[in-house]
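Heads up, the thing below is written out as structure tokens.
The following block contains the structure:
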């Protein structure tokens, strides 16, 4: 059975979770977009800029931050008038399971995009495949209902501002400088469709709000207490998530004037991205907190998410996956 926990403690758990820590480093639109393009083979500054339509100063800041973090490394490709290319390091390549899970979500729920491969082929078995997240211990597929949270309440900190959004992203600052609040989502855009995973996760509140629902917070009051979020900010996120089919909203059985929010198939399918992102952060980000882990119900083991080919069940590595345009 899940550990009983009050909302004040759960607030600290989410604040100190590996997912929140990851989002502090890679949780904005441009950083995620740069990493996705790097996995697709883009390496030169001008190519990143042209493909993403990103302001040059913003791109320079993001690339510098990813190099400092250890996710990208530079290598000169032109000696005269020195020019550098940016390649994924081992730490960057370790995000491949997250990339595969984001591709899977996009293919199932997002709008068609020429920026993403239409299909993936596993070289080892030769089959066109769909990546699948399994438990490393028992090799069974893991869905959100197959896990229960395990909390570590020792040494939790509450030293992060949580109540306001910032304009740091617009100013070109990397995600790690923006802390808990994430990039602003204006209430005027709250009802617009967010059918691309980069757009969806552009706002860190969205991921943390979905994580809170996944661990059992369903009412407005519980979500506000657990997230430590302002009323208008929470209302905007809930409106956007409800309008885009990420959350369902229904009248409470206890009070018809109040609503409860529950996962939908679209948001449940985002669990594999959240799980792989948290595991990557615990494994690779220095100083990553460890307040929340997941236990696989069927085998009882702490969840170590592994992404495999759905045809041969072999773990997927970047060099073993091909797609149109990459043989």
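Residue numbers (the UniProt record's numbering): 1 to 327. Just so it is clear, CB atoms sit at the ideal spot from N, CA and C, and this is done for glycine as well.
Near residue i, what residues of its chain come up, given a Cβ to Cβ distance below 6 Å and the 5 sequence neighbours on each side ignored?
{"i": "residue 163", "result": "Per-residue confidence for residue 163 stands at a pLDDT of 40, beneath the threshold of 50, marking its modelled position as unreliable; no derived number is given."}
{"i": "residue 95", "result": "280"}
{"i": "residue 109", "result": "266"}
{"i": "residue 215", "result": "149"}
{"i": "residue 10", "result": "226"}
{"i": "residue 326", "result": "none"}
{"i": "residue 196", "result": "110"}
{"i": "residue 190", "result": "Confidence is the limiting factor: at residue 190 the pLDDT is only 41, short of 50, which leaves the residue's position unreliable, though a coordinate-based value still follows. Excluding residues within five positions, the ones whose Cβ falls inside 6 Å are 236, 239 and 240."}
{"i": "residue 337", "result": "Residue numbering for the chain in the displayed model covers 1 to 327; residue 337 lies beyond these limits and cannot be assessed."}
{"i": "residue 299", "result": "137 and 138"}
Between residue i and residue j, is the Cβ-Cβ spacing less than 7 Å?
{"i": "residue 291", "j": "residue 210", "result": "no"}
{"i": "residue 39", "j": "residue 134", "result": "no"}
{"i": "residue 146", "j": "residue 297", "result": "yes"}
{"i": "residue 318", "j": "residue 93", "result": "yes"}
{"i": "residue 198", "j": "residue 35", "result": "no"}
{"i": "residue 224", "j": "residue 234", "result": "yes"}
{"i": "residue 21", "j": "residue 289", "result": "yes"}
{"i": "residue 55", "j": "residue 307", "result": "no"}
Tell me the rounded alpha-carbon separation between residue i and residue j.
{"i": "residue 283", "j": "residue 255", "result": "44 Å"}
{"i": "residue 321", "j": "residue 200", "result": "26 Å"}
{"i": "residue 84", "j": "residue 132", "result": "35 Å"}
{"i": "residue 18", "j": "residue 207", "result": "12 Å"}
{"i": "residue 174", "j": "residue 61", "result": "Caution is warranted here: a pLDDT of 48 is assigned to residue 174, below 50, making its placement in the model unreliable, and no coordinate value can be reported."}
{"i": "residue 324", "j": "residue 121", "result": "9 Å"}
{"i": "residue 45", "j": "residue 115", "result": "17 Å"}
{"i": "residue 246", "j": "residue 23", "result": "19 Å"}
{"i": "residue 8", "j": "residue 153", "result": "11 Å"}
{"i": "residue 6", "j": "residue 248", "result": "24 Å"}
{"i": "residue 316", "j": "residue 41", "result": "17 Å"}
{"i": "residue 142", "j": "residue 136", "result": "10 Å"}
{"i": "residue 107", "j": "residue 51", "result": "20 Å"}
{"i": "residue 53", "j": "residue 287", "result": "33 Å"}
{"i": "residue 275", "j": "residue 80", "result": "45 Å"}
{"i": "residue 128", "j": "residue 101", "result": "16 Å"}
{"i": "residue 82", "j": "residue 43", "result": "15 Å"}
{"i": "residue 257", "j": "residue 130", "result": "43 Å"}
{"i": "residue 228", "j": "residue 242", "result": "20 Å"}
{"i": "residue 126", "j": "residue 77", "result": "34 Å"}
{"i": "residue 140", "j": "residue 220", "result": "34 Å"}
Our contact map puts residue i next to residue j with C-beta atoms below 8 Å; I'd like the distance itself, whole angstroms only.
{"i": "residue 158", "j": "residue 15", "result": "7 Å"}
{"i": "residue 144", "j": "residue 271", "result": "4 Å"}
{"i": "residue 156", "j": "residue 295", "result": "About 19 Å; that fails the 8 Å criterion."}
Relative to the C-alpha of residue i, which candidate in the options has its C-alpha closest?
{"i": "residue 278", "options": "218, 149 and 251", "result": "149"}
{"i": "residue 65", "options": "156, 77, 293 and 27", "result": "27"}
{"i": "residue 273", "options": "79, 104 and 221", "result": "104"}
{"i": "residue 58", "options": "30, 37 and 139", "result": "30"}
{"i": "residue 89", "options": "63, 113 and 112", "result": "63"}
Residues in its own chain within less than 7 Å of residue i by CB, not counting five upstream and five downstream?
{"i": "residue 91", "result": "70, 71 and 284"}
{"i": "residue 75", "result": "84, 85 and 87"}
{"i": "residue 269", "result": "105, 108 and 109"}
{"i": "residue 251", "result": "259"}
{"i": "residue 171", "result": "Here the model assigns residue 171 a pLDDT of 39, short of 50, so the residue's position is not dependable, and the following value carries that caveat. Excluding residues within five positions, none has a Cβ falling inside 7 Å."}
{"i": "residue 186", "result": "Here the model assigns residue 186 a pLDDT of 36, short of 50, so the residue's position is not dependable, and the following value carries that caveat. The answer is none, since no qualifying residue turns up."}
For residue i, which residues in the same chain have their Cβ closer than 8 Å to its Cβ, ignoring the five residues on either side in sequence?
{"i": "residue 124", "result": "309, 312, 314 and 320"}
{"i": "residue 218", "result": "260, 261 and 262"}
{"i": "residue 67", "result": "73, 74 and 86"}
{"i": "residue 264", "result": "245, 246, 247 and 248"}
{"i": "residue 213", "result": "223, 247, 261, 262, 263 and 267"}
{"i": "residue 112", "result": "none"}
Please confirm whether any heavy atom of the ligand SAM lies closer than 6 Å to the CB of residue i.
{"i": "residue 42", "result": "Within the structure as shown, the ligand SAM is missing, as the structure has no ligands at all."}
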